[in-house]
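Residues 7 to 68 in my numbering are what the sequence shown spells out, letter by letter. Here a beta-carbon is modelled for each residue, glycine too, at the ideal position from N, C-alpha and C. Notes to accompany the following structure.
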Amino acid sequence: MLSGDTAAVQRVLRDWNAGAARDPATGEVAHPNLAYLVDAAGRLAFAARGRAEDLVTLAGRL
């Protein structure tokens, strides 16, 4: 899960090319189902897209 102040979250979404849109009325952020694996140096090592159930299974195998 990505969290933090708005500017930091927007920077990560931009840097990782992860599309997202914020609903100004509710503040809710809509985005595709993505899972990122970040290495010890903080670099993006792997990215996966898919159904939430598949991503949970993938994460469980790590």
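Same chain, Cβ closer than 7 Å to ARG55, neighbours up to 5 away in sequence not counted
PRO38, ASN39, LEU40
Closer than 8 Å to chain D by CB, LEU40:
The structure shown contains no chain D; it holds only a single protein chain.
Alpha carbon to alpha carbon, how far is ASP21 from LEU50? Give it in angstroms, no decimals.
10 Å
Reduced DSSP secondary structure (H/G/I, E/B, other) of LEU126:
The displayed coordinates of the chain run from 7 to 68. Any statement about residue 126 would go beyond what the structure contains.
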